[in-house]
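K.L.:
Dropping the structure in here first, questions after.
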Amino acid sequence: MNFSVDRIPPPPPFLKKRDDELKLNTNLAALKVSLSVVCLVAYHRGSGEKCFACTGTIVECEGAAGDDGKFDATILTSASLLHSYRDPSQITVEVHLSDGSSYEGEVSAFDLHYNIATVKFKPDKPPQKACLKWIDDSMSLQPDNDHNMVEANFFNLCPGDKLIALARVQDHHHQLLVSSGDFSIYCCGLDCQELLMTTCEITTHFIGGPLINWDGEVIGINFFWKGQTPFLPINIAFRCLDHLNKKRSIPHPWLGMEFTNLYAADVVTLEEIVQLFPLVCKGVIVEEVTEESPADRAEIQPNDVIIKCDREVVSCSLKFFGMIWDKVGKSMELEVMRAGVCGPLKLAILADDLLPDSYNSWPI
């Protein structure tokens, strides 16, 4: 049957109902954290010229202290706020809250490798803090044989799961922007290997803002690159925040290899692994090894499957990142499965400290 342009039938009612439910659930989740989402605007201290505007999330607030009776709040955001300036003293920061109030803030710490920063400001009343939730991005190749439970207080994130990116813009309404999408296993074009991806359609306003799940829990920090929406998992961002608060610096362990979750490998490789190692359901697979790197010196090879680190099971890439976080200058024992070798290989590897010249490159 042919239809003229003005006679195209409407979509089935169940599709409209599904879209309405998705929009409703998205808005309800966004409202749970919206009071913690702020707009940040940086100006050059000398000229007053606007440098950059992005989003941040209130993650800490201490009680009123001192004669002024104000509170001490901390915002987690992107170091892109510094724009091309690497010295926070060169900029001033305006913090715009959801109720329309504005405060002066200052960049208290930042890390260029992970592109994150913290901004301190002193509100008159305690603002709402966001609820943070660490991610478990593990998934078994054989779900029927997987009896491992997700760790307590972790959010299990699987490809295809719905996620929500939030931003707040600088206008007279301090409007909240919301975009939903799916968790994707594809990699983005940015250097940072720890980044994960969503299909949320965003703009630069979302940079530094929270990525949340359907419970309104913050699971990542959003970035923007050529229409893509990469995000830094809150597991890593929270560790960075903790180190910035306590030590003013962040460890940058470097092994010299690229790896990904085992389930994200191509189907040909997965089929070979399943046939060779039927009992291996989780782990990380090595994609590339840099010459003369710690991984190269440890004789790690592409397509090796890392299943243990210091005798602890490696279930996913995020867990492996956590295991090597404080291992700079320390030796670790990795257990790997390799084609043509019966049983796991035990390899010793010494993590190097990444030099500033080799930090991740981020767009300005």
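Oh and the sequence shown: position 177 is 1233 in the numbering used here, straight run, nothing missing. Ideal placement from N, C-alpha and C gives every residue a C-beta, glycine not left out. Because the structure is a prediction, the values reported are computed rather than measured.
1) List the whole-angstrom C-beta distance separating residue 1255 from residue 1285, where the pair is believed to meet the contact cut-off of C-beta under 8 Å.
2) Would you grab the beta carbon distance between residue 1193 and residue 1372 for me? Rounded to a whole angstrom, and I think it's under 8 Å.
3) Could you give the DSSP three-state label for residue 1197: helix, strand or coil?
4) Alpha carbon to alpha carbon, how far is residue 1148 from residue 1163?
5) If we ignore side chains and look at the alpha-carbon of each, how far apart do residue 1130 and residue 1115 end up?
6) Give me, in chain order, the residues of the same chain whose beta-carbon lies closer than 7 Å to that of residue 1287; leave out the 5 immediate sequence neighbours on both sides.
7) Nearest by alpha-carbon distance to residue 1215: which of 1243, 1227, 1259 and 1172 is it?
8) What is the DSSP secondary structure of residue 1404, counted as helix, strand or coil?
9) Going straight from the alpha carbon of residue 1332 to that of residue 1394, what length do you get?
10) The alpha helix (DSSP H) that contains residue 1328, what's its start and end?
11) So, at 7 Å on beta carbons, what are the nonlocal neighbours of residue 1303 in its own chain, with the 5 sequence-adjacent residues on each side left out?
12) Just to confirm, is the Cβ distance from residue 1312 to residue 1088 under 8 Å?
13) Do you know offhand how far residue 1169's Cα is from residue 1190's?
14) Would you mind giving the Cβ-Cβ distance between residue 1339 and residue 1318, rounded to the nearest angstrom? I have them listed as a contact below 8 Å.
15) Take residue 1378 and list the residues in its own chain whose beta-carbon comes closer than 7 Å to its own, dropping the five residues that flank it on each side.
16) So residue 1085 and residue 1270 are in contact, right, with Cβ under 8 Å, and what is the actual spacing, rounded?
17) Contact check, residue 1261 vs residue 1219 under 8 Å by CB: the rounded distance?
18) Output yes or no for whether 8 Å exceeds the beta carbon distance between residue 1362 and residue 1342.
19) Using the beta-carbon count (16 or more within 10 Å), is residue 1224 buried or exposed?
20) In three-state terms, what does DSSP make of residue 1423?
21) For residue 1315, list the residues DSSP reports as bridge partners.
22) Looking at residue 1389: is its Cβ nearer than 8 Å to the Cβ of residue 1400?
23) By the three-class DSSP mapping on this structure, what secondary structure does residue 1203 have?
24) Could you give the distance in angstroms between the alpha-carbon of residue 1139 and the alpha-carbon of residue 1110?
25) In this structure, does DSSP put residue 1260 in helix, strand or coil?
26) Taking the straight line between their C-alpha atoms, what separation do you get for residue 1175 and residue 1092?
27) Taking residue 1377 as part of the alpha helix (DSSP H), name the residues at either end of that continuous run.
28) Have a look at residue 1153 and residue 1305 and give me their C-alpha separation to the nearest angstrom.
P.N.:
According to the data block:
1) With a Cβ gap of about 7 Å, residue 1255 and residue 1285 count as contacting.
2) Residue 1193 to residue 1372, Cβ: 5 Å. Contact.
3) Residue 1197: coil per DSSP, three-state reduction.
4) 9 Å
5) In a straight line, the C-alpha of residue 1130 is about 6 Å away from that of residue 1115.
6) 1251, 1252, 1254, 1267, 1276, 1277, 1278 and 1279
7) Closest in alpha carbon position to residue 1215, among 1243, 1227, 1259 and 1172, is 1243.
8) strand
9) 9 Å
10) 1323-1332
11) none
12) no
13) 20 Å
14) 5 Å
15) 1291
16) 5 Å
17) About 17 Å; that fails the 8 Å criterion.
18) yes
19) buried
20) A question about residue 1423 goes unanswered here, because the residues of the chain that appear run from 1057 up to 1420.
21) 1342
22) Contact: no.
23) Low local confidence applies: a pLDDT of 45 at residue 1203 is under 50, so the model's placement there is unreliable, with the coordinate-based value given in what follows. Residue 1203: coil per DSSP, three-state reduction.
24) Straight-line measurement puts the Cα of residue 1110 at about 11 Å from the Cα of residue 1139.
25) Three-state result, residue 1260: helix.
26) 13 Å
27) 1373-1380
28) 28 Å
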